[in-house]
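Undergrad: So for the sequence shown, the numbering used here puts the first residue at 1; every next one is plus one. A virtual CB, placed ideally from N, CA and C, is assigned to each residue, including glycine. Dropping the structure in here first, questions after.
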Amino acid sequence: MNILIADDEHLVRLSLKNALLKMNWNENNIHEATDGTEFLHMLSELCPEIAFVDIKMPYINGLEAIEKGQRLSPNTEFIIITGFSEFEYAKKAIELQVTDFLLKPVSFEQLMLLIDKISDKVHKKNLTLNRTFTSQITSFLSGDKSQFNSDDLIDNETSHYKLVWISIHEHALSGGNTLEEDNLFRKVKACADRYISAQYRAALIYVSTTERLLICSHDKRYEADSRASIDALVNDVKTLSLQYFNQDKKIVSLITSETFESNLNLLNNYAKLTKLSCLRAVLGIQQSYALSFLEHMDREFPSYLALSQLSLQISNMYREKKFIEFHLLIDRWIKMMEQNKLYEKKKLLEATIIYFRYTIGIQAATNASFLELSDALQHLSINVLRAHTNKTNYMDAILEFINHNFMHNISIAMLAEMFDLSPNYISTIFHKTIGQKFIEYITQLRIAEAKKLLLETDLSIQEISHKVGYYSKSHFIKLFSKHCKITPMEYKKMKL
């Protein structure tokens, strides 16, 4: 918070300044003007929260300076410094809605009471402005421009942004208690609010139940003060994250952007954070990353991103108890590691083990091999699938699995292993429940999907056969013709 003291008497300025320093104000935030002209110039440059103005000053008197100054800095609280003999000016001061008067000589007690009152008023005003900023920035990022006015939101000529992405990693045994996450985010919000000023805004934007985006905006004309506030806030968030882990055993990852200008760059950096924040799953959690570092890693190791996204999906499916999808994603993850030879990346493997050990509870040492990790993941996926399948309704789970995965190479033997049942038993109960053999049901689903793709897409017959689970084009054509009494190409022409 900046304070401007305007008085042509050096001793008055010195007395006020010393009193403010005694109240623990930062000397760099206390500024002085010796006449009305200098006061208006500094007011325009600083836009201080509080201005002490002597009524009788050279060139432009205090009341005239305040009247002009209110247009230059509308959010400044003006306080008149006056002597007893000058109360004839009180009427004009009231018309100008001056915040208060101080009588010379100014007593420390009187000044302290006034500063406390005004500081509280200024902070409440800034919080109100910050709520407007938060509302508008949320609309802007969501693409809703109906209530958006870029001039109200930010001045592209003078404002800078900095973004901090905050991600909480839920422990496998936490049970998905969002109250604990809310507790951290409330503390971050309260911490950010302490730094709000006329030149500085901080919006905490909802991303998901476990993620928030902290958007800091400041006036670049006050770069030093604002940068100090941002750095202090980021350090406070890091401290809160460590406390959160020590108290609640929740791991927090942070990603921080560089300082940048313009609304367009705000959208671009928000998109980058949304895209790259998942890289923490393969680079290491409980870390603070620079966005520029994640961009570098994405360029150097392009296969990391897809693997990271898949890792987060695996954790989400586990937390949501969607264990069929969880099982399938585990298989995809293992294949992706093998296809891209990512098992050769020792640091990636260690970071991934720590991530999965924390978020889904796998039993694997940090230095485990890829084979050991794969075994642990597959063992967990089968165990939770079996444990959470209702034995009286296991056919529902089997059908759900088939209906979502008929295009893959699934078999009775695979289902038997997944659900801990004998192949003969599954085959018998399947036919009894559905009225079809397993292979007939799979073929029916694949042909139905092929019909849809033939009519709704421009994919080739070869591509469609692969998409529905047949790697032999001729075998697909033979089956399709048998079931539909028409070839795939003839069926495709029906849409013309």
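(1) Mapping the DSSP letters down to three states, classify residue 306 as helix, strand or coil.
(2) Beta carbon of residue 81, beta carbon of residue 117: below 8 Å?
(3) I need the straight-line Cα distance from residue 45 to residue 39, nearest angstrom please.
(4) With a CB to CB cut of under 8 Å and the five nearest residues on each side skipped, what residues in its chain are close to residue 21?
(5) Considering just the uninterrupted stretch of the beta strand (DSSP E) at residue 40, what are its terminal residues?
(6) According to DSSP, which residues form a beta bridge with residue 165?
(7) Which of the three DSSP states is assigned to residue 421 in this structure?
(8) Determine the burial state of residue 41: buried for a count of at least 16 other Cβ atoms within 10 Å of its Cβ, exposed for fewer.
(9) So which of 140, 168, 183 and 494 has the shortest CA-CA distance to residue 456?
(10) Work out the CA separation of residue 182 and residue 245 for me, nearest whole Å.
(11) Please say whether residue 359 and residue 109 have beta carbons closer to each other than 8 Å?
(12) What residue from 469, 294 and 15 has the CA that sits closest to residue 107's CA?
(13) Please classify residue 152: is it buried, with 16 or more other beta-carbons within 10 angstroms of its beta-carbon, or exposed?
(14) The beta strand (DSSP E) with residue 301 in it runs from where to where?
(15) Please classify residue 136 as buried or exposed, where buried requires at least 16 other C-beta atoms within 10 Å of its C-beta.
(16) Between the beta-carbon of residue 204 and the beta-carbon of residue 273, is there less than 8 Å?
(17) How long is the line joining the alpha carbons of residue 444 and residue 410, rounded to whole angstroms?
(18) For residue 415, which three-state DSSP category applies?
(19) Could you have a look at residue 16 and say whether DSSP puts it in helix, strand or coil?
(20) Helix, strand or coil for residue 31? Go by DSSP, reduced to three states.
(21) Within 10 angstroms of its Cβ, does residue 218 collect 16 or more other Cβ (buried), or is it exposed?
(22) Here's the rule: buried if 16 or more other CB atoms are within 10 angstroms of the residue's CB, otherwise exposed. What is residue 83?
(23) Report the residue from 430, 4, 484 and 284 whose alpha carbon sits nearest the alpha carbon of residue 65.
TA: In short, the structure shows the following:
(1) The answer is helix: DSSP assigns residue 306 an H, G or I state.
(2) No, Cβ-Cβ distance for residue 81 and residue 117 is not below 8 Å.
(3) Separation of residue 45 and residue 39 (C-alpha to C-alpha, rounded to the nearest whole angstrom) is 10 Å.
(4) Excluding positions up to five away in sequence, the list reads 27 and 30.
(5) Element bounds for residue 40: not the beta strand (DSSP E) but the alpha helix (DSSP H), 36-46.
(6) Residue 165 pairs with 213 and 255.
(7) Residue state for residue 421 is assigned as coil, using DSSP reduced to three classes.
(8) The residue is exposed, with fewer than 16 neighbouring Cβ atoms inside 10 Å.
(9) The alpha carbon of residue 456 has as its nearest neighbour, out of 140, 168, 183 and 494, the alpha carbon of 494.
(10) Answer to the nearest angstrom: the Cα atoms are 14 Å apart.
(11) No, they are not a contact pair.
(12) Selected option, being the one with the closest Cα: 15.
(13) Reliability fails at residue 152, whose pLDDT of 47 lies under 50, so the model's placement of it is uncertain and no value is given.
(14) Here residue 301 belongs to no beta strand (DSSP E), and DSSP marks it neither H nor E.
(15) Per the 10 Å Cβ criterion, buried.
(16) No; because the gap between Cβ atoms is not below 8 Å, this pair is not in contact.
(17) Their Cα atoms are separated by approximately 14 Å.
(18) Three-state DSSP puts residue 415 in a helix.
(19) Assigned with DSSP and collapsed to three states, residue 16 falls in helix.
(20) Here residue 31 sits in strand by DSSP.
(21) With 16 or more Cβ atoms within 10 Å of its Cβ, residue 218 is classed as buried.
(22) When all chains shown are included, residue 83 counts as exposed.
(23) For residue 65, the nearest C-alpha among the options comes from 4.
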